[in-house]
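In what follows, a structure is listed as structure tokens, so that the remarks can point back to it.
Numbering (my numbering), first residue to last: 12 to 228.
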């Protein structure tokens, strides 16, 4: 018998309310040695993810390591998107081994985790593999992560994907949260974020709207 298609989204697509976003160690000390991605692009993608998550009301955990003694403050691009939200500072390289982070994960109570941060091979591999071991579904925003070399980043991504993690990109994350331009309540917010932080795609939106009054919906 042939399969019957229906106009319904796949179960593995993320929605604003089905996951917890954890943004990890976006700090100066980690950034100085990050070579797998240009720092300006990394900060831009972190802003894109942060603004999208904040705008869609995604449950978000912001965590740092040795914020006052070694690694420095979290990027303004992230903290400005979540004004007043406390950062969870850790001593552990693996976020999943920090009791305060895990208490927050359990308080939120969602079994799907989305990760972004520095470095991919340490600060993202650790929680990704640990969460997968405990039965969580894990997604990694690959271009909102970085490492000391392209090799280090790529092998870390390979290792996580082999364990069951699902890779995505910053712009993909934003557009997956929106998913339908007929959702008018978030249309202006989504296109506004894309125009500011969406690179060439954002320029295209600005051009189309300015020159032709175009509208996706």
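Glycine included, every Cβ here is placed at the ideal spot set by N, Cα and C.
Whole angstroms is fine: what's the gap from residue 217's alpha carbon to residue 103's? Indexing the chain shown from 1 puts residue 217 at position 206. Indexing the chain shown from 1 puts residue 103 at position 92. Computed Cα separation, rounded: 43 Å.
Could you tell me the distance, in whole angstroms, from the CA atom of residue 50 to the CA atom of residue 191? Here residue 50 corresponds to residue number 39 of the chain shown, with the count starting at 1. Here residue 191 corresponds to residue number 180 of the chain shown, with the count starting at 1. Approximately 31 Å between the Cα atoms of the pair.
Buried or exposed for residue 117, going by 16 or more other Cβ atoms inside 10 Å? The sequence position of residue 117 within the chain shown is 106, counting from 1. Flag for residue 117 reads exposed.
With H, G and I counted as helix, E and B as strand and the rest as coil, what does DSSP make of residue 151? Numbered from its first residue, the chain shown carries residue 151 at position 140. Residue 151: strand per DSSP, three-state reduction.
Between the Cα of residue 208 and the Cα atoms of 222, 61 and 12, which residue gives the shortest distance? Locating residue 208 in the chain shown gives position 197, where the first residue counts as 1. If we check each option's Cα against that of residue 208, 61 comes out closest.
Given 8 Å as the limit, is there contact between the region 32-51 and the region 70-88, that is, 3 or more CB pairs closer than that? yes
Going straight from the alpha carbon of residue 129 to that of residue 31, what length do you get? Mapped onto the chain shown, residue 129 falls at position 118. Mapped onto the chain shown, residue 31 falls at position 20. When rounded, the distance between both Cα atoms is 18 Å.
Residue 70 - containing beta strand (DSSP E), residue span: Working through the chain shown from its first residue, we reach residue 70 at position 59. From DSSP, the beta strand (DSSP E) with residue 70 extends over 70-76.
Euclidean distance between Cα positions of residue 67 and residue 205: Walking along the chain shown from the start, residue 67 turns up at place 56. Walking along the chain shown from the start, residue 205 turns up at place 194. Computed Cα separation, rounded: 14 Å.
Residue burial classification, residue 119 (beta-carbon count within 10 angstroms, cutoff 16): Position 108 of the chain shown, counting from 1, holds the residue named residue 119. Exposed: under 16 other Cβ atoms inside 10 Å.
How do the region 153-170 and the region 93-112 stand: do at least 3 beta-carbon pairs fall below 8 Å, yes or no? no
I'd like to confirm the pairing. Which residues does DSSP put opposite residue 123 in its beta bridges? Taking the chain shown and counting its residues from 1, one reaches residue 123 at position 112. Note: residue 123 sits in a beta bridge opposite 148.
Please name the residue in 53, 22, 57 and 76 whose C-alpha comes closest to that of residue 40. For the purposes of this step, residue 40 is taken as residue 29 along the chain shown, with counting starting at 1. Of the listed residues, the one whose Cα sits closest to residue 40 is 76.
Residue span of the beta strand (DSSP E) that contains residue 216, given as start and end: One-based indexing of the chain shown puts residue 216 at position 205. No beta strand (DSSP E) contains residue 216, which is instead part of the alpha helix (DSSP H) from 210-223.
Given residue 121, which residues of its chain have a CB within under 6 Å of its CB, disregarding the five upstream and five downstream residues? As a working mapping, residue 121 is identified with position 110 in the chain shown. 30 and 31.
Test item: CB-CB of residue 53 and residue 175 under 7 Å: Walking along the chain shown from the start, residue 53 turns up at place 42. Walking along the chain shown from the start, residue 175 turns up at place 164. Not a contact, by the Cβ cut-off of 7 Å.
Assign residue 24 to one of three DSSP states: helix, strand, or coil. Translated into positions along the chain shown, residue 24 becomes position 13. Residue 24: coil per DSSP, three-state reduction.
For residue 138, count the other beta carbons within 10 Å of its own beta carbon; 16 or more makes it buried, fewer makes it exposed. Which is it? Numbered from its first residue, the chain shown carries residue 138 at position 127. Buried: at least 16 other Cβ atoms inside 10 Å.
In whole angstroms, what separates the C-alpha of residue 223 from that of residue 215? Within the chain shown, numbered from 1, the residue matching residue 223 stands at position 212. Within the chain shown, numbered from 1, the residue matching residue 215 stands at position 204. In a straight line, the C-alpha of residue 223 is about 11 Å away from that of residue 215.
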